[in-house]
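Only one structure is covered here, and it is reproduced in the block below.
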Amino acid sequence: MTQQMLADRLHRSKSWVDKIERGARTLDRYSVIQELAHVLRVDPEVLLGQPPSTPAGTPDGVDDIRAALARYDIPRAPHQPSDELRRQVGHAWLTYQHAHYGQLVRVVPGLLDAAQGARSAELLVQAYRITSSLLVKLGEANLGWLAADRAMTAAGDDPLLAAAATISVGQALRAQDRDRLALAALLPAADRVLPPPTQSGDHEVSGALGDQSARKPHDHGVEGEGDHRGRAVGGTLLVQAALAAAGCGEHRRADELTDRAAGVAASLRGYDDTHRTGFGPVAVEVARVLVAVRRGDADEALQRHLAVVRREGWRRLPAEYRGAYLVDVARAYLQMGDLRGAARALVDADNVAPAEVRCRPLARTVIVDVARVQPAPAGVARLATLVGLTR
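In structure tokens:
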């Protein structure tokens with residue numbers, strides 16, 4: 424990003440950006456720091472050089488989110504939502520992707536109130552999706568399902584918004600071990616925004632949409648398959664469907680769906696990820712690892728894992744995404760009886776996204792399994808103490 428591009432996105436002059444970069448002018452207003460962080464897609468604490476500490480345990484505030492979801496008397500705003508609300512939604516996504524769940528718990532109730540009172544289906548869907556994703560992380564999958572269902576309702580007749588909301592529905596159902604229901608929701612949604620796979624089984628052709636010229640833009644209710652946002656959402660639905668199929672024991676189907684998702688990912692050449700999918704070739708390879716874990720093939724899972732973390736795009740995945748994945752890899756190491764490998768994966772997850780390890784109930788169970796060994800690996804012993812699992 425050039426100085427001029429940054430200045431344009433901040434609605435400021437190039438000389439202002441230049442003075443900030445040279446230190447001739449200081450950033451002394453937090454509101455400006457937040458605006459700059461939003462444009463740069465980083466957390467404000469990164470710019471301040473003050474990474475926040477992450478307390479252990481589920482953050483307080485879930486009851487406040489429940490109360491916000493239970494309010495039905497929010498007045499409609501007379502005008503379209505302001506840029507401020509859009510910035511709030513964008514910052515909430517960044518907070519989630521950086522795995523600052525404690526901070527986000529405090530933000531979500533007010534965000535829901537603001538979004539429910541605005542006249543924007545897009546922002547309301549995003550607010551509900553953020554809420555659903557956060558609740559699933561905190562072990563409140565039933566409440567997360569409610570928020571995801573609200574997102575579906577808010578999407579209305581917009582096929583792309585509905586598809587994005589279905590991602591959240593699938594994640595909430597999978598978190599409740601309702602993989603078959605998740606699969607039933609995810610696959611039709613993917614088929615609505617993506618072309619059907621070819622009969623030849625060549626996923627590179629069907630997924631990469633090589634025959635775009637033969638398809639009309641309105642065939643699937645989105646702006647044609649040249650629309651990268653639609654393909655990113657569709658590819659994410661396929662990834663979620665593959666994980667759901669693996670959860671159902673339909674391993675061949677899971678492999679077919681990840682192959683199809685790989686084809687879709689191969690067709691993407693940079694896009695504005697407005698629906699916060701994180702989708703791309705590395706995300707598909709991550710899914711292959713998790714499918715292998717579900718299949719019980721720990722050897723394949725760990726071989727693929729070692730290749731994934733060497734990929735160029737690995738570090739570009741959101742911290743939340745990488746942290747959650749590394750916890751799953753720790754489970755794969757446990758399947759193999761490799762406690763040291765499991766410990767390394769947990770420590771890596773804590774380094775990438777501390778809240779993934781310290782706040783999520785799922786991660787706590789993995790820590791318990793590894794910490795049972797005496798003597799426990801040093802890194803895991805420290806984590807167990809942090810989350811209150813040892814005296």
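Numbering (this note's numbering), first residue to last: 424 to 814. Each residue gets a CB set at the ideal place from its N, CA and C atoms; glycine is no exception. It should be emphasised that the depicted structure is a prediction, and the values quoted were computed from it without experimental measurement.
- Here the C-alpha atom of A776 lies approximately 30 Å from the C-alpha atom of A612.
- Between A586 and G567, the CB-CB gap reaches or exceeds 8 Å.
- With contacts defined as CB atoms closer than 8 Å, Y551 and P482 fail to qualify as a contacting pair.
- Between R683 and P620, the C-beta spacing is below 8 Å.
- For Q427, the uninterrupted alpha helix (DSSP H) segment begins and ends at 426-433.
- S591 and S438 have their C-alpha atoms roughly 42 Å apart.
- For W737, there is no enclosing alpha helix (DSSP H), as DSSP marks it with neither H nor E.
- DSSP, reduced to helix, strand and coil, places D720 outside both helices and strands of the structure shown, so it counts as coil.
- Classified as buried, T700 has 16 or more neighbouring CB atoms from the shown chains inside 10 Å of its CB.
- Secondary structure of E708 (DSSP, three-state): helix.
- Contact between I488 and L558 holds, with the beta-carbon distance rounding to 7 Å and staying under 8 Å.
- Under the three-state reduction of DSSP output, L610 falls in the helix class.
- Annotation: V732 is outside any alpha helix (DSSP H) and is labelled neither H nor E by DSSP.
- V789 is positioned such that its CB atom lies no closer than 8 Å to that of V731.
- Excluding sequence positions up to five before and after L661, its CB lies within less than 7 Å of the CB of A613, L680, R683, A684, V687, all in the same chain and listed in chain order.
- Judged by DSSP secondary structure, A801 falls within the alpha helix (DSSP H) whose first and last residues are 801-809.
- Within the segment 554-612, the complete alpha helix (DSSP H) segments at least 4 residues long are 564-578, 582-598, listed from N- to C-terminus.
- For V662, the secondary structure class from DSSP, reduced to helix, strand or coil, is helix.
- Rounded to whole angstroms, the separation of the alpha carbons of L762 and P798 is 11 Å.
- Take the alpha-carbon of L769 and the one of I456: they are about 32 Å apart.
- Under the three-state reduction of DSSP, D483 is assigned to coil, being neither helix nor strand.
- Non-local C-beta neighbours of T518 in its own chain, meaning closer than 6 Å and more than five positions away in sequence, comprise Q526, L527, ordered along the chain.
- Here the C-alpha atom of D722 lies approximately 12 Å from the C-alpha atom of L713.
- The C-alpha of T449 is placed about 46 Å away from the C-alpha of R711.
- G672 sits in coil when the DSSP states are folded into three classes, being neither helix nor strand.
- By the criterion of a C-beta distance shorter than 8 Å, A578 is surrounded in its chain by A544, V548, L584, A585, A587, A588, once the five residues flanking it on both sides are discounted.
- L757 and G764 have their C-alpha atoms some 8 Å from each other.
- For Y524, the enclosing alpha helix (DSSP H) has its first and last residue at 524-539.
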